[in-house]
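Heads up: take any position in the sequence shown, counting from 1, add 2, and you land on this note's numbering. Positions of the beta carbon are idealized from the N, C-alpha and C atoms, including for glycine. Some notes on the structure that comes next.
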Amino acid sequence: MENRITALPRRRLLGCGAASLALTAAAWSQPAGPATAPPAKDASGGFAPLPAQIKVTPQNLTIKVMINEKGPYHFVVDTGADRSVLAQDIAEALHMPLGKSILVQGIIRAVPAQSVPVAQLRFGSFVRDNLQMPVLPRAMLQADGYLGLDAIGANRVVFDFKQRTLQVVPPIPSAFIVKGGTNESVIAAPGIEGHLRSTACRVDGVPTVAFVDSGAEVSVGNEALRTQLLQMGPAYAATREIELSGITGGMSRGHVLRVQNILLGNLEFSGCEIAVADVDVFRIWELTDKPALLIGLNFLREFETVSVDYTRKEFRLKLAAASPWVKRA
3 MENRITALPR
13 RRLLGCGAAS
23 LALTAAAWSQ
33 PAGPATAPPA
43 KDASGGFAPL
53 PAQIKVTPQN
63 LTIKVMINEK
73 GPYHFVVDTG
83 ADRSVLAQDI
93 AEALHMPLGK
103 SILVQGIIRA
113 VPAQSVPVAQ
123 LRFGSFVRDN
133 LQMPVLPRAM
143 LQADGYLGLD
153 AIGANRVVFD
163 FKQRTLQVVP
173 PIPSAFIVKG
183 GTNESVIAAP
193 GIEGHLRSTA
203 CRVDGVPTVA
213 FVDSGAEVSV
223 GNEALRTQLL
233 QMGPAYAATR
243 EIELSGITGG
253 MSRGHVLRVQ
263 NILLGNLEFS
273 GCEIAVADVD
283 VFRIWELTDK
293 PALLIGLNFL
303 REFETVSVDY
313 TRKEFRLKLA
323 AASPWVKRA
């Protein structure tokens, strides 16, 4: 049976908040193989370092999408993006007429993009009708498209990093809800318009609002978090600077900080580096004035499965046995 999704109300109808990051320096790419393989420790202190450069989307899990019964195409599911986006060459191949201009908000900057009418978007058992999708060059997206909250926001997204699969499925019915198993943590994540965030987060003791952004390759804190950490001592001075870029282009300079532990619910991440920058995604999520942490794929891949349930407003994270950086607190 098909599940048809009605449009979600949006205060920011022009927002696309996709937050894929590239850290520019030396060339780097993730090795093929299990996503739960432990990262290499650096030579000083055993921290899990941020790599020098990250490919934007090729290592992301993607979902097959049919557009007007054509395809399948492979879309990145971006839990931090308000709006879905289509690659320009796909729109041209399907002879879609260009329509009105839409402002696409990326992690660094917003850019105007022409949109195309999509009569039907199908993924899994879900169908979205009569969409107006902005188009961006493939060189920016490095994928056929992105599915944002306008497409997935009433459902549940399940990332299976062990099996390397991704599904968008209906929410768990209340009658079948069970507590997390031995290796599964259930974390409440209230929010509106799909902007789910958890307040059960501490970064070296600093209360922090955390949200999951599957379109981001790395985890990023905001300047409010950095300010509070620096008040605790000079150990939180930046170890180096990096440049961040997003799918809409532009560059932003960020700092790399080392933190001893990050608590998320009953999970503890130990010895991590995070990027810190006041990128636009924090403004879009109205989190510029309080410590906040965007949880990207470098943290999410430490789990066997990650589930984001937009109806129940919760995250479910099943710990991978091989992870040396995360444990149950």
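Secondary structure at MET135: strand, using DSSP grouped into helix, strand and coil. In the three-state reduction of the DSSP assignment, THR229 falls in the helix class. By the Cβ neighbour-count rule, PRO136 is buried, with 16 or more other Cβ atoms within 10 Å of its own. The beta carbon of GLY196 lies closer than 6 angstroms to those of LEU151, GLY155 and TYR312 in the same chain, with the five residues before and after it left out.
For TRP327 and PHE301, the gap between their C-alpha atoms comes out near 9 angstroms.
Linking ARG124 to ALA93 through their CA atoms gives a straight-line distance of about 16 angstroms. Pairing LYS66 with ASP80, the inter-Cα distance amounts to about 14 angstroms. When DSSP assignments are scanned along the stretch 291 to 315, the uninterrupted stretches of alpha helix (DSSP H) that are 4 or more residues long and fall wholly within it turn out to be 299 to 302. DSSP, read as helix, strand or coil, puts MET98 in coil. A residue is called buried once 16 or more other Cβ atoms fall within 10 Å of its Cβ, and GLN134, having fewer, is exposed.
ARG158 sits in a strand when the DSSP states are folded into three classes.
Note that the stretch 279 to 292 does not touch the stretch 263 to 270; fewer than 3 beta-carbon pairs, one per stretch, sit closer than 8 angstroms. Of the candidates PRO236, ALA212, GLU275 and GLU304, ALA212 places its Cα closest to the Cα of ALA294. In the three-state reduction of the DSSP assignment, ILE92 falls in the helix class, which pools H, G and I. It is roughly 9 angstroms from the alpha-carbon of ALA83 to the alpha-carbon of SER216. Rounded to whole angstroms, the gap between the alpha carbons of PHE161 and LYS320 is 10 angstroms. At the C-beta level, LEU265 and LEU231 stay beyond 8 angstroms of one another. Closest option to PHE305, judged by alpha-carbon separation, among GLU186, SER86 and GLY193: GLU186. Listed as beta-bridge partners of GLU270 by DSSP are LEU265 and LYS329. Annotated as distal: GLY147 and PRO119, with beta-carbon spacing of 8 angstroms or more. Sixteen is the threshold: since fewer than 16 other Cβ atoms of the shown chains lie within 10 Å of the Cβ of GLU71, the residue is exposed. The alpha carbon of GLN116 has as its nearest neighbour, out of ALA141, PRO99 and MET68, the alpha carbon of PRO99. A direct Cα-to-Cα measurement between LEU227 and HIS97 gives close to 47 angstroms. Nearest neighbour of ASN263 by Cα position, chosen from ARG166, ASN132 and ALA331, turns out to be ALA331. Within the same chain, Cβ atoms closer than 6 angstroms to the Cβ of ARG242 are found at VAL258, the five residues on either side in sequence being excluded.
DSSP, read as helix, strand or coil, puts VAL214 in strand. Between SER309 and ARG85, the CB-CB gap reaches or exceeds 8 angstroms. Here ARG140 carries a helix assignment [DSSP, helix/strand/coil].
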